[in-house]
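Structure first, commentary second.
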Amino acid sequence: MEYNHKDIEAKWQKYWEENQIYKVENDTSKPKFYALDMFPYPSGAGLHVGHPLGYIASDIVARYKKLKGFNVLHPMGFDAFGLPAEQYAIETGQHPAITTAKNIDTYKKQLRKIGFNYDWSREVQTCDPAYYKWTQWIFAQLFNAWYDYSDPANEGLGKAKHIDLLIQTFEKEGNANINAACDEDTPVFSAQEWQNFSEKEKSDILLKYRLTYLSEAIVNWCPALGTVLANDEVKDGFSERGGYPVERKKMKQWMMRITAYAERLLAGLEKIDWSESLKESQRNWIGKSYGAELDFKVEGKDITLTVFTTRIDTTFGVTFVSIAPEHELIPILTSPEHKAAVEEYVSKAKNRSERERMADVKTVSGVFTGSYVINPFSGEKVELWVADYVLAGYGTGVVMAVPSSDDRDFRFAKHFNLPIIYVIEGTETMENPTEKKKGKMINSGFLNGLESDEAIQVAIKFAEEKGIGKGKINYRIRDAVFSRQRYWGEPVPVYFKDGIPYLLDSSELPLVLPEIDEYKPTETGEPPLGRAKDWKYQNQYSYELSTMPGWAGSSWYFLRYMDAQNEKEFVSKEAVNYWGAVDLYIGGTEHAVGHLLYSRFWNLALYDLGFIGHDEPFQKLINQGMIQGESALAYRINGTNKFVSKGLKDQYEVAELHVDVNIVENDVLDIEAFKKWRPDLAEAEFILEDGKYICGSAVEKMSKRLYNVVNPDDIVEKYGADTLRLYEMFLGPLEQSKPWSTKGIDGTYKFLRKLWKLFFDEKGNFNISDAEPTKEELKILHKTIKKVAEDIERYSFNTSVPAFMICVNELTDLKCNKAKVLEPLLIILSPYAPHITEELWAKMGHVTSITRATFPEFNEEYLKESAFEYPISVNGKVRTKIEFPVDKPAKEIETEVLASEAIKKWTDGKPIKKVIVVQNKIVNVVV
Numbered sequence: 001m002e003y004n005h006k007d008i009e010a011k012w013q014k015y016w017e018e019n020q021i022y023k024v025e026n027d028t029s030k031p032k033f034y035a036l037d038m039f040p041y042p043s044g045a046g047l048h049v050g051h052p053l054g055y056i057a058s059d060i061v062a063r064y065k066k067l068k069g070f071n072v073l074h075p076m077g078f079d080a081f082g083l084p085a086e087q088y089a090i091e092t093g094q095h096p097a098i099t100t101a102k103n104i105d106t107y108k109k110q111l112r113k114i115g116f117n118y119d120w121s122r123e124v125q126t127c128d129p130a131y132y133k134w135t136q137w138i139f140a141q142l143f144n145a146w147y148d149y150s151d152p153a154n155e156g157l158g159k160a161k162h163i164d165l166l167i168q169t170f171e172k173e174g175n176a177n178i179n180a181a182c183d184e185d186t187p188v189f190s191a192q193e194w195q196n197f198s199e200k201e202k203s204d205i206l207l208k209y210r211l212t213y214l215s216e217a218i219v220n221w222c223p224a225l226g227t228v229l230a231n232d233e234v235k236d237g238f239s240e241r242g243g244y245p246v247e248r249k250k251m252k253q254w255m256m257r258i259t260a261y262a263e264r265l266l267a268g269l270e271k272i273d274w275s276e277s278l279k280e281s282q283r284n285w286i287g288k289s290y291g292a293e294l295d296f297k298v299e300g301k302d303i304t305l306t307v308f309t310t311r312i313d314t315t316f317g318v319t320f321v322s323i324a325p326e327h328e329l330i331p332i333l334t335s336p337e338h339k340a341a342v343e344e345y346v347s348k349a350k351n352r353s354e355r356e357r358m359a360d361v362k363t364v365s366g367v368f369t370g371s372y373v374i375n376p377f378s379g380e381k382v383e384l385w386v387a388d389y390v391l392a393g394y395g396t397g398v399v400m401a402v403p404s405s406d407d408r409d410f411r412f413a414k415h416f417n418l419p420i421i422y423v424i425e426g427t428e429t430m431e432n433p434t435e436k437k438k439g440k441m442i443n444s445g446f447l448n449g450l451e452s453d454e455a456i457q458v459a460i461k462f463a464e465e466k467g468i469g470k471g472k473i474n475y476r477i478r479d480a481v482f483s484r485q486r487y488w489g490e491p492v493p494v495y496f497k498d499g500i501p502y503l504l505d506s507s508e509l510p511l512v513l514p515e516i517d518e519y520k521p522t523e524t525g526e527p528p529l530g531r532a533k534d535w536k537y538q539n540q541y542s543y544e545l546s547t548m549p550g551w552a553g554s555s556w557y558f559l560r561y562m563d564a565q566n567e568k569e570f571v572s573k574e575a576v577n578y579w580g581a582v583d584l585y586i587g588g589t590e591h592a593v594g595h596l597l598y599s600r601f602w603n604l605a606l607y608d609l610g611f612i613g614h615d616e617p618f619q620k621l622i623n624q625g626m627i628q629g630e631s632a633l634a635y636r637i638n639g640t641n642k643f644v645s646k647g648l649k650d651q652y653e654v655a656e657l658h659v660d661v662n663i664v665e666n667d668v669l670d671i672e673a674f675k676k677w678r679p680d681l682a683e684a685e686f687i688l689e690d691g692k693y694i695c696g697s698a699v700e701k702m703s704k705r706l707y708n709v710v711n712p713d714d715i716v717e718k719y720g721a722d723t724l725r726l727y728e729m730f731l732g733p734l735e736q737s738k739p740w741s742t743k744g745i746d747g748t749y750k751f752l753r754k755l756w757k758l759f760f761d762e763k764g765n766f767n768i769s770d771a772e773p774t775k776e777e778l779k780i781l782h783k784t785i786k787k788v789a790e791d792i793e794r795y796s797f798n799t800s801v802p803a804f805m806i807c808v809n810e811l812t813d814l815k816c817n818k819a820k821v822l823e824p825l826l827i828i829l830s831p832y833a834p835h836i837t838e839e840l841w842a843k844m845g846h847v848t849s850i851t852r853a854t855f856p857e858f859n860e861e862y863l864k865e866s867a868f869e870y871p872i873s874v875n876g877k878v879r880t881k882i883e884f885p886v887d888k889p890a891k892e893i894e895t896e897v898l899a900s901e902a903i904k905k906w907t908d909g910k911p912i913k914k915v916i917v918v919q920n921k922i923v924n925v926v927v
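In this text, residue positions in the sequence shown follow this note's numbering: the first is 1, and each later residue adds one.
Following this line, the structure appears as structure tokens:
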């Protein structure tokens, strides 16, 4: 009986679904294990073979943990809101819900074909009102929360609390004694003043404390798309989608006060098992720095600019000050003769995203405002410049430049011929080690002889005593913009009355997206929701017209999986207390400072407010590497429609042409398929080698543009899902990127057929023996059990695949068909190849799924050797080998060695000086 992967895989996928084999209950009698994949955005292109890599790994772990007795939660869902679906809707007129549903259906069919053990009853889709009802509910909890730094919880770092507690304090004593996360311009007021505030004034003040709030913010605005874009959606001043110009502008936006959690987000990194590089990405993004704020007065104007610096001790070396292009005081600070140049520069600089400006360390650009500021330490006036390397959102948006000690400041000063001052001690001189040109020297005064840290503290004390500055801890992270001027996103559950934002009651959720005639902004510039007819709260109050960003739904989906059908709560206490934090999370590095940071923030807030019992969402996180495409290349002779095979191309002047990899097999081009591929190739001619056209290859990103996308459906059709699963793991370590190539996949397919043959006789009949295994067979089995269990526990999946292959080869050589060997082998292989193992398991007479089996225990006794083959040397040269029991005494070994014919031959009757026996190692005879 031949191995027919198509029939077998279809059969078992149907069985698993019909019998709900993967349905998970909250069974508290078992230990839990929560395995999670970063859920995909369902694009119209579907999956390519690179996408399932992480899914296969988590599926193996989930199946293994089930076999080890764990109750395993392994769910799947879809991040279904977002700009791509909306843009497609604009282009085609189709409702985004229709195209999104179609894309999800494609993804689910592909995922089912690969045999993942997802509990589809827990599926979530962020665009489903039943789901985003609770996203809106979480928004409301954050709106009704503030952050109290004075609360002793969380190692003295404070916690979030309900806004009612803050209002009660305002009513009793005002806000003078409150230590909270709030806007910097929050006024101080008494209880009496609070009582006298209007409702609008009270609302505005509370917005300065709420964890989600309305505020003016500088954003990436794309007029062509009619929406705000996140930093990672902008590249070189253009939108990644569509390539439209993006400008930086100030707009009223909903914000999330993630900065309140900066210190706890840093502290939490020490408690979780993530890669150090990923942790470092978050540390850098949060950007904690110790330093000081220092005041620079603007000459001739009643304006003071405050800088944040980590090196206040270098203030004597300041030779110019730079401000961010977005700084609101630029028009006032710019002199008339510099107005045109400043406006032109600001217009260009503002349209580069902050991420680009942070990454660009080579470009030197700026413009002089015509104003001067006074160095508060030296009293000298220095020029005030606008420079795009200064970020409005970091520190104060003003930077003091010390060219003698900062590389970027130095290059800026050299480029614009600004002075460079070296702070020295006494009368000694100093040269710049790079430029070898002396700059102006200045005695630092009180900083002489001190180490840097001491000098900083002395300088801070000096500034505080003079009233020109103060010590401060600063963070690079900024509050997150939470508004998007698009249609296809969660509606914000807010309406406005007399200019005051009010939340919808929880009983009124979800606020469902209304139908609109077009998905573009209105003619008056309102977001697309402004097109909705008769869409008002109680038919009179305007709803918020912006929608939530894509990361809203993805910031908590892992909690909803725990209790996906709950209509009364976003997750029950019982469910969240049982499942707790995700034990294993697998996904891409691209989410390091987006999704992963926002998820940790929301999780901490929900923890503070008492809705969940764990403060970190993901305990173990693995970033899978990328499976790259192996592009196929054909070589066209320049000026012709003639193609030359790879081995002959150096004889001609040729141009490379990327070829669809699906018409190339083992580097050999299907010429007829090539001619049909494009009309211009129908009459192509070929110069062959050995009767074949051999293509070149290149490892590149898998992309439609390069024609190197491989559809997993095609691989499953030809080789089977089990082959695909094993092969993707076999390609290399999970965390590393590796090229996709079908050259080795046939070997994996042959392995499965070889496994299949172990269970059948030469006539194709199923043939399993009840005989007791031999020691050798048990040794092979238990060696593999040990290896596979250790590999899965340390997520080293690629090393298990060759172990399976060796095991099957050795059992084949022994003609082993014994149930007591093959049953355990099927169990340990089942996480990797669930279909073939399920089929063979059933053929062995089992009436329950192999997923209900128990992972076999490794027995070390079977790996202990009963005998050892000693190399026997004469005067250091190996002359023969003799096997002895491992526990045979050395004296007996010596006697038998000397009595052997081989040793008698090599000693040739010479007297034996010494016999050295190293137990279970070697015997050396010295003559």
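Using N, Cα and C, we set each Cβ at its ideal position, and we do this for glycine too. A quick note: this is a predicted structure, and the numbers were derived from the prediction, not measured.
Subject >> Which residues DSSP lists as bridging residue 239, in chain order >> reply: For residue 239, which the question treats as bridged, DSSP gives the partners 234.
Subject >> Sheet register partners of residue 398 (DSSP bridge) >> reply: DSSP output for residue 398 lists 323 as bridge partner(s).
Original post:
When the Cα atoms are used, what is the spatial distance from residue 654 to residue 87?
Top reply: 39 Å
Original post:
Buried or exposed: which applies to residue 180, given that a residue is buried once 16 or more other Cβ atoms fall within 10 Å of its Cβ?
Top reply: buried
Original post:
Straight-line CA distance for residue 544 to residue 419?
Top reply: The straight-line gap from Cα to Cα measures roughly 52 Å.
Original post:
Going along the chain, which residues of its own chain have a beta-carbon closer than 8 Å to the beta-carbon of residue 90, five neighbours each way excluded?
Top reply: 518, 519 and 520
**OP:** Have a look at residue 165 and residue 206 and give me their C-alpha separation to the nearest angstrom.
**Re:** 12 Å
Original post:
Got a sec? Which residues, its chain only, sit under 8 Å from residue 269 by beta carbon, not counting five neighbours each side?
Top reply: 279, 282 and 283
Original post:
By DSSP, does residue 540 sit in helix, in strand, or in coil?
Top reply: coil
**OP:** Give the secondary structure of residue 390 by DSSP, where H, G and I count as helix, E and B as strand, and everything else as coil.
**Re:** Correct three-state label for residue 390: coil.
Original post:
Assuming residue 47 contacts residue 110 under a Cβ cut-off of 8 Å, what Cβ separation, rounded to an integer in Å, is found between them?
Top reply: 5 Å
**OP:** Could you say which of 310, 831, 774 and 178 lies nearest to residue 475 if we only look at CA atoms?
**Re:** 310
Original post:
With DSSP run on the structure shown, which of helix, strand or coil describes residue 5?
Top reply: helix
Original post:
Relative to the C-alpha of residue 718, which residue among 742, 731 and 387 is closest?
Top reply: 742
Original post:
When you compare each of 845, 678 and 788 to residue 830 by their alpha carbons, which one comes out closest?
Top reply: 788
**OP:** Would you tell me roughly how many angstroms separate the C-alpha atoms of residue 469 and residue 410, rounded to the nearest one?
**Re:** Rounded to whole angstroms, the separation of the alpha carbons of residue 410 and residue 469 is 25 Å.
Subject >> Supposed contact pair residue 738 and residue 628 - C-beta distance, whole angstroms, cut 8 Å >> reply: 7 Å
Original post:
What residue from 10, 72, 67 and 11 has the CA that sits closest to residue 24's CA?
Top reply: 72
Original post:
Are the region 130–147 and the region 480–498 touching by the rule of at least three beta carbon pairs closer than 8 Å?
Top reply: The answer is yes - the region 480–498 touches the region 130–147, with three or more Cβ pairs under 8 Å.
**OP:** Can you tell me which of the three DSSP states residue 49 falls into?
**Re:** If DSSP states are grouped into helix, strand and coil, residue 49 belongs with coil.
Subject >> Check: residue 875 C-beta below 6 Å from any heavy atom of the ligand SAH >> reply: Inclusion of the ligand SAH in the displayed structure is not the case, the ligand content being empty and no account of it being possible.
Subject >> For residue 603, three-class secondary structure by DSSP >> reply: Reduced to three states, the DSSP call for residue 603 is helix.
**OP:** Report buried or exposed for residue 767, applying the criterion of at least 16 other Cβ atoms within 10 angstroms of its Cβ.
**Re:** Per the 10 Å Cβ criterion, exposed.
Original post:
DSSP puts residue 385 in a beta bridge; with which residues?
Top reply: Note: residue 385 sits in a beta bridge opposite 322 and 368.
Subject >> Local conformation of residue 780 per DSSP, three classes >> reply: In this structure, residue 780 counts as helix in the three-state DSSP scheme.
Original post:
So, residue 60 versus residue 832, is the Cβ gap smaller than 7 Å?
Top reply: yes
**OP:** Between the Cα of residue 4 and those of 664, 286 and 752, spot the shortest distance and give me the residue it belongs to.
**Re:** 752
Original post:
Looking at the C-beta of residue 785, does it have a partner C-beta in chain D at a distance below 7 Å?
Top reply: As a matter of chain content, chain D is missing from the structure shown, which is built from one protein chain.
Subject >> Same chain only: Cβ atoms within 6 Å of residue 64, ignoring 5 sequence neighbours per side >> reply: 792 and 831
Original post:
Whose C-beta lies closer than 6 Å to the C-beta of residue 907 among residues of the same chain, with five residues either side of it excluded?
Top reply: 927
Subject >> Residue range of the beta strand (DSSP E) that includes residue 34 >> reply: 32–37 is the span of the beta strand (DSSP E), which, as asked, contains residue 34.
**OP:** Answer yes or no: do residue 624 and residue 734 have a C-beta to C-beta separation smaller than 7 Å?
**Re:** yes
Subject >> Under 7 Å between C-beta atoms of residue 96 and residue 551 >> reply: no
Subject >> Rounded C-alpha distance that separates residue 365 from residue 387 >> reply: 6 Å
Original post:
Which full runs of the alpha helix (DSSP H) of 4+ residues lie inside the region 830–879, going along the chain?
Top reply: 834–843
**OP:** Report the three-state DSSP secondary structure of residue 427 (helix, strand or coil).
**Re:** Confidence at residue 427 is low in this model, with a pLDDT of 39, below 50, so the placement of that residue should be treated as unreliable; the coordinate-derived value is given next. In this structure, residue 427 counts as coil in the three-state DSSP scheme.
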